Every structure is written in C-alpha cells, then in structure tokens.
Amino acid sequence: MLRLTGVTKSYGERRVLDDVGFTVADGRLTGFVGGNGAGKTTTMRIALGVLAADAGTVEIDGTRVTPEDRRRFGYMPEERGLYPKMKVGEHIAYLARLHGYGKAEATANAEALLDRLGLGERLGDTVETLSLGNQQRAQIAAALVHDPEVLILDEPFSGLDPMAVEVVAGVLQERAGAGAAVLFSSHQLDVVERLCDDLVIIAGGTIRAAGSRESLRDQHAAPRYEIVTAGDLGWLRDEPGVEVVEFAGGHALFDAEEPATAHRVLARAVAAGDVSRFTPQRPSLAQIFREVIR
Amino acid sequence: MNARIPAAPSTAQSVWLVAEREIGSRLRSKAFVISTAILFLAALAAVVWGGFAAGSSQGITVAVTSATADAVRDVDGLDVTDADSAAAAIALVEDGTVSAALVPSDEVPDAAAPASGTFDYTIVGNDEVPSGLLPLLSQSPDVHLLDPSSTDFLLRYFVALGFGIVFLLAASTFGGTIAQSVVEEKQTRVVELLISAIPVRALLAGKVIGNTILAMAQIVVLAAIAVVGLTVTGQDLVLTGLGAPLVWFAVFFFFGFVLLASLFAAAGAMVSRQEDIGSTTAPLTMLVMLPYFLVIFFNDNPVVMTVMSYVPFSAPVAMPLRLYLGEALWWEPLVSLLVLIATCVAAILVGARIYSGSLLRMGARVKLTEALSRS
C-alpha cells in the first residue's frame, strides 16, 4: 500500500501541492483525476521519488520509501521516453535486467508482455520507427516488465485507440488482480469511471475528494429520482417532501430527502397506472468532478 | 503475475549493464562505425605512404668522389653521381642535386675526426640522411650533416602531432558522445526509468566506462596499425625509442580520458535539450583543443613542454613526447601521473555530484552552483 501524507511542494513562490495525502491500496486501481496544472504529475513524481517534496512523507507498507524501494515501483512518466534507436524487445529486456532479472528471463518477460500489448510483431524494430500509439504501448511495457508492486502511471491511456485502451485496461486490471497497487492519472473520465476502484480528485494542489468510486458517488449523489409513467404526474407537485426539478406530462425528475418519501411516490404511481421507469439518479464521475473542483 | 521480485543487481552488475548498452549502441551506430573505419584507414594509409616514401631507395641520389666510389660500386638502389672532388660533392648536396654525398672523412670541413681509422669516409647530408641509405651500406660510415638543427624538429613535430591528434580526436568525439547520450536520456526521460532501477552513480560510471573501453580499444587498434604497419613496410627504425613512450601514452590517455569523460557527462546533465549542449561543453572542448595547439606550436620549447607535462589536461600529450625526446627524468612521468590521477578522482567526484544534482532538473540550463549544492 502506498500512502502519501501532508505532501507539500512549491516552485519558488508558487505552491503547487498543499498538504496532499491519499492512499493507493494493494490490489486496486486508483484513478487520479484533476485538471491541467492541478498537480497530478508533480504528485506522481514525488511518489516515485524523482522529485523531492518540501514537506510530507511517502510510505510503502507503513515505512518511508527509500531509493531501494523504488525498484518495486513501475513508472510511466508524463513525457514519454525510451531510447529512440534501441530495438523495442531489447529495450524492455534491458530495463528488466536493470531491475535484476537474468538475461533469459528478462527477454522472455519482455517478449511476453509486448506480445500481450500487441507489439509481438515489432520486437525487432527500433523505438523511433513505432507510431505514437505503439510507443505508448512500449512505454507501458517499460513500466510493467519487472512485475512492480506499485504502479504509477501518468496518463497511460492518452493517445491510444479504443482497442488499445481495452488491452491496456485489461493488463492493468490483471496487475491489480495479482495484488499490485495501481495509481493512474487520466483526463478520460469515462475510462476512469469504468476502470477504477478508487478515486482521488485533485484541484489547485489540494485533494478535493478521495475514496472508493461507489462511496464518492453516494456522497455526491443528490437524492434525485427519475420517474416515467403512462399517466399524468401532476399530483407530484403536491406530494409532501418532494421537490420537482423537471416535469413534462408522464416524465418527472424530483428530489426527495427521505428514501421513504421516494418509495411512497413510487407506490402511488404504480397504483395510478403503468410505471415504465423509476431510477435513483447517480451522478457520473464528470458530474462529481465538476462539483468537487468548483 | 510473478510474485517473486529478483534481488537488486549489484552495483558492478548495474554499471556493466549500462556500459554494455553504451558499447552496443555505439557499435550499432553507422556514424560511429564509419568514422572509426575512416580513422583506421587514414592511419593505415599514412603508414603505407610512409613505407613507399622510405622504400623508394631506388632513386637515392648519392655523390661520390673517385676515392669513395668503390664503397658504393656494388650497392643496388643507389643513383650514383661522380663528382670531381669532395668539395664538389658537398656542393651537390647543398644545392639539392643529390641527397647525400660520400666523401673521405678528412676532406669534410668542420667534421669530427672519424671514429674508426679503418673506415675513413663520411656521409654528408643537408639536414638529414635519406632513411634508406644507411641500411644499404655494408659498413656504417660516420654521418655529417651540413644543417643538423632541423632533424630533431621534424621528428619531434610528427610525434607531437601524432600524440596530439589521437588524444584530441578521442577526447572530443567520445566526450561529445557521452554528453549527447546523457542529454538524450534526460530529454527522453528514459533517465527517470533508469534511476528508479539503479543508483545514479552506477549510471554515470557505466557510461564513462563503456565509452572509455571503446576509446581505449580505438587507440590500441591505432597503435597496432602503426607498429605492424611500420614493421611490415621496413620503417621499424622510427619505432626505436617509441615503445616506452607509447605505453606511457596509453596509461596517461586512460586517466586523461576518464577525467574528461566525467566532466563531459556532468556538462551534458546540466542541459535538457540537445540544442543547448554546446553551452556547457564549450569550456571542455577548449580544454581538449588547447593542449593540441600548444604541443604543435611549442613542442620545441622545453619550458612550455615541462609545464604542459604536469598540467592534467595536457599531460597525456606532453609527457609521452618529452619521454620520447629523452627530456624527462625517470621520476617525472610518475609525479605527473599522480597529479593526473588525483585530478581524475576529483573530477569523478565533482562530475558525479553535478550529474546527480542536475539529472532530474528539466527546462532551463542548471546553474553550476545549483548543480553542486545538495538539495
């Protein structure tokens, strides 16, 4: 488990991170969401240890991260980079060897992983000849090849086509399933929403929300319901405890603080005629995001 | 997932992995292979050309008098001109008609008394004796040069040029290469992946060692080409007295190269883009160029050469040259080497500090004071 506590960082006068703290649990995918310049990359670089924080701690399994621990990390930097003139297969194997794998094992791991990421045909090509999307896949392989316990991935999905997103998402879920703690940032809120177990939302250098996806949704869910019936819903306006948000004949959107009130509404609607839809409205990640960064 | 995470590679293993990659990537670079091949071919051509020049004894022109004509009567490869007198023969040497004259010793003005009474004639040359001539004569006569001062100068010049050029070429090409590859790693952010796996110092050491191995291999091949080529083409006389200075050159070269390589790596780490690399490597390039020019211009100035042979950046060129010329006492190369090694160790420490202090700083050029301070 990776835990950041009270992490603060300033560049000159400008404070870019202020008391940032959250945890990335083992076996879970944690999405790290924030606008441009919110502090995501700085946070990730501090978590990895390539950047020193002014204050605060980064701990792994309860002890402060040492340079030695970084070997257990897999990192994908914000700006992509591999040696342009090195062959993809050799490059990934080289990184595995730097992490202590023997030559044969490193090569086998690298080739299996690149194959899984759809680069099996390109092992002998130099990095610079790959398309940007394929370089991205190679970069992901570079972060994963040494079976890290903690994965820190800065925008792993940017620049990938939808099929590649599926492949990469699948690989990340596998790693989390095997017990790795995975932190990834993304602007693609739909991907984050679908993929991650936990969420951390950052804005202006402070953590605005953190927790499991479901708990965040529950926290930010307005007690709002949508109802669609065959009959007229005019009676809804006079129902106690109900505030109608939208209304058009047989379709209505209403807020009800008490679940019992909502149930009473449903019972009455069913008694009055066909109810074709009755749904509690759950906020999307995009809605939560907009709300918490405000 | 593989639950087992292998143990960290030892520092030596990490260093070697990095060095191995440096060597491999250099050997695969077409530019490197082609420029090395050209360098070797040029050395070979120079040796072979020298061989032709020396081997063309067919046309060595020698003037003789009636008294000395017998000595060259049965010698092949000489173009003999008969002169009326010793003075006329010497006049032919002076005006360049012949390259040497063979005259009775007692008729040479200002010449020392002949060393052996049994062999009473002397070869007179202008400023040198044609290199092919002496071996052709069955007995070695005395040599008398009309204008002896310039002999040492030429040989001195070419040996100085040789040491100077080899050091300049190796230091500037490999130095530049190291700086570039450091910037490449920084610019592509590969460095962030590398240092999460291995210590910064291991990375620096690997780069320096990999390039040092290549540079040493290059000069060993060059030396082999020179020695084998000179021997095969019958110019082994040139090698006389060059053996020990060559060994010293290799030793000095090694430490001098490591010294410069560490500094070039540090200079590379201070910038983030290839375009900016000149701003930090320029002073180092000057340090590499300066000894070359000094040794070319001042190789006959003992004071300058003595000073140069102790200054770490020029010692690899100047000290072997002084040894070759027999101007250095036996202990001098040892003292100079100690100075060089001490500087080398200091450069590695300072270089490593600048390197680790700058490696992860992106954007503008890192100031030297910032790079040196421990953050």
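Respectively, the protein sequence lines represent chains A and B. Sequential numbering from 413 applies to the first sequence in our numbering. Sequential numbering from 1367 applies to the second sequence in our numbering. Yeah, the Cβ is synthetic: ideal placement off N, Cα and C, and Gly gets one too. Since the structure is predicted, the reported quantities are computational estimates derived from the model, not experimental observations.
**Asked** Any Cβ of chain A within less than 7 Å of the Cβ of T1383 (chain B)?
**Response** In the sequence under discussion, the amino acid at residue 1383 (chain B) is Leu, which differs from the Thr named in the question. Yes, because at least one Cβ of chain A sits closer than 7 Å to the Cβ of L1383 (chain B).
**Asked** Between the segment 496-504 of chain A and the segment 512-530 of chain A, do three or more beta carbon pairs fall short of 8 Å?
**Response** Counting Cβ pairs under 8 Å, three or more are found: they touch.
**Prompt:** Which whole-angstrom value describes the C-beta separation of I564 (chain A) and M456 (chain A), a residue pair presumed to lie in contact below a C-beta threshold of 8 Å?
**Reply:** Contact flag correct, Cβ pair sits at about 5 Å.
**Request:** Please report the Cβ distance between L1706 (chain B) and G1622 (chain B), rounded to the nearest whole angstrom; I am assuming they are in contact, meaning their Cβ atoms lie under 8 Å.
**Result:** Correct: roughly 6 Å between the Cβ atoms.
**Asked** To which residues of the same chain is V477 (chain A) closer than 7 Å at the C-beta, ignoring the five residues directly before and after it?
**Response** Around V477 (chain A): G461, V470 and E471.
**Prompt:** Is the segment 569-578 of chain A touching the segment 608-627 of chain A, taking contact as three or more C-beta pairs under 8 Å?
**Reply:** The segment 569-578 of chain A is not in contact with the segment 608-627 of chain A.
**Asked** Would you report the Cα separation of V1642 (chain B) and A1648 (chain B), rounded to the nearest angstrom?
**Response** Checking the sequence, you will find Asp at residue 1642 (chain B) rather than Val. Answer to the nearest angstrom: the Cα atoms are 11 Å apart.
**Asked** Hey, out of B:P1657, B:T1463, B:P1372 and B:L1626, whose CA is closest to G1541 (chain B)'s CA?
**Response** Answer by Cα proximity: B:L1626.
**Item:** Helix, strand or coil at H503 (chain A) according to DSSP, with G and I counted as helix
**Value:** When secondary structure is reduced to three states using DSSP, H503 (chain A) falls in the helix class.
**Asked** Is it right to say L1689 (chain B) is buried, meaning 16 or more other beta carbons lie within 10 angstroms of its own, or is it exposed?
**Response** Under this definition L1689 (chain B) is a buried residue.
**M488 (chain A), enclosing beta strand (DSSP E) - first and last residue** = Note, M488 (chain A): beta strand (DSSP E), F485 to M488.
**Prompt:** Looking at the C-beta of G493 (chain A), does it have a partner C-beta in chain B at a distance below 7 Å?
**Reply:** Chain B, which has a Cβ nearer than 7 Å to the Cβ of G493 (chain A), makes this yes.
**Asked** Should K1733 (chain B) be labelled buried (16 or more other beta-carbon atoms within 10 Å of its own) or exposed?
**Response** Exposed: under 16 other Cβ atoms inside 10 Å.
**Asked** So is R1394 (chain B) buried or exposed if we call it buried at 16+ other beta carbons inside 10 Å?
**Response** Exposed: under 16 other Cβ atoms inside 10 Å.
**Request:** Would you mind working out which of B:R1387, B:S1380 and B:A1373 sits nearest I1579 (chain B), comparing C-alpha positions?
**Result:** Just measuring C-alpha positions, the residue of B:R1387, B:S1380 and B:A1373 sitting nearest I1579 (chain B) is B:R1387.
**Request:** Please decide whether E1558 (chain B) counts as near chain A, where near means a Cβ-Cβ distance under 7 Å.
**Result:** Closer than 7 Å: yes.
**Prompt:** Using a Cβ cut-off of 8 Å, which residues of the segment 1385-1415 of chain B contact any Cβ in chain A, in chain order?
**Reply:** So the list reads R1387, S1391, R1394 and S1395, given in the order they occur along the chain.
**Request:** Please determine, among A:V604, A:A668, A:G449 and A:G424, the residue with the shortest C-alpha to C-alpha distance to Y637 (chain A).
**Result:** Nearest to Y637 (chain A) by C-alpha distance, out of A:V604, A:A668, A:G449 and A:G424, is A:A668.
**Request:** Please confirm if G582 (chain A) has its CB atom under 7 Å from at least one CB of chain B.
**Result:** Taking Cβ atoms only, chain B never reaches closer than 7 Å to G582 (chain A), which makes this a no.
**Message:** Can you confirm whether A1374 (chain B), when its beta carbon is compared against all beta carbons of chain A, has any partner nearer than 7 Å?
**Reply:** It does; some Cβ of chain A falls within 7 Å.
**Message:** As a quick exercise: from A:D566, A:F485, A:L645 and A:R689, pick the residue whose alpha carbon is nearest that of V445 (chain A).
**Reply:** Here the closest residue by C-alpha is A:D566.
**Asked** For the segment 1653-1667 of chain B against the segment 1560-1579 of chain B, are there 3 or more C-beta pairs whose distance is under 8 Å?
**Response** Taking 8 Å as the limit for Cβ pairs, the verdict is that the segment 1560-1579 of chain B does not touch the segment 1653-1667 of chain B.
**Message:** To the nearest angstrom, how far is the alpha carbon of A505 (chain A) from that of L1407 (chain B)?
**Reply:** Approximately 36 Å, taken between the alpha carbons.
**Prompt:** Any beta-carbon of chain A closer than 7 Å to the one on G1616 (chain B)?
**Reply:** According to the sequence shown, residue 1616 (chain B) is Ala rather than Gly. A1616 (chain B) has a beta carbon lying at 7 Å or more from every beta carbon in chain A.
**Prompt:** Does S1722 (chain B) get closer than 7 Å to chain A when you measure Cβ to Cβ?
**Reply:** So no, S1722 (chain B) is outside the interface.
**Request:** Could you tell me the boundaries of the beta strand (DSSP E) in which T641 (chain A) lies?
**Result:** Looking at the DSSP string, the run of the beta strand (DSSP E) that includes T641 (chain A) is R636 to T641.
**Message:** If contacts are defined as beta-carbon pairs under 8 Å, then P1699 (chain B) and W1614 (chain B) qualify, I think. What distance do you get, rounded to the angstrom?
**Reply:** Between P1699 (chain B) and W1614 (chain B) a beta carbon distance of about 6 Å is seen, short of the 8 Å cut, so the two are scored as contacting.
**Asked** Could you check where the alpha helix (DSSP H) with V1613 (chain B) kicks off and where it finishes?
**Response** Taken as a continuous stretch (DSSP letters only), the alpha helix (DSSP H) holding V1613 (chain B) covers G1609 to A1635.
**Asked** Which stretch, first to last residue, makes up the beta strand (DSSP E) that contains T1427 (chain B)?
**Response** Where T1427 (chain B) is concerned, the enclosing beta strand (DSSP E) stretches over I1426 to V1430.
**Request:** Determine the contact status of Y513 (chain A) and P1372 (chain B), defining contact as a CB-CB distance below 7 Å.
**Result:** A contact, by the Cβ cut-off of 7 Å.
**Item:** Cβ of A467 (chain A) within 7 Å of any chain E Cβ
**Value:** Chain labels in this structure do not include chain E; the protein chains are A and B.
**Message:** Looking at L1750 (chain B): is its Cβ nearer than 7 Å to the Cβ of R1719 (chain B)?
**Reply:** No answer is possible for residue 1750 (chain B): the residues shown for chain B start at 1367 and end at 1741.
**Prompt:** When the Cα atoms are used, what is the spatial distance from A1369 (chain B) to E655 (chain A)?
**Reply:** At A1369 (chain B), the pLDDT of 47 sits below 50, so the modelled position is not reliable and the matter cannot be decided from this model.
**Proximal residues, the segment 496-507 of chain A versus chain B, C-beta separation under 8 Å** = For the segment 496-507 of chain A, which is checked against every Cβ of chain B, the residues closer than 8 Å are P496, K497, M498, Y506 and L507.
**Request:** Under 8 Å between beta-carbons, which chain A residues line up against A1563 (chain B)? List them in chain order, please.
**Result:** By Cβ distance, chain A contributes R482, R483, L507, L510, H511 and H558.
**Asked** Who are the Cβ neighbours of G1483 (chain B) in its own chain at under 6 Å, not counting the five residues just before and after it?
**Response** Confidence at G1483 (chain B) is low in this model, with a pLDDT of 49, below 50, so the placement of that residue is unreliable and no value is reported for it.
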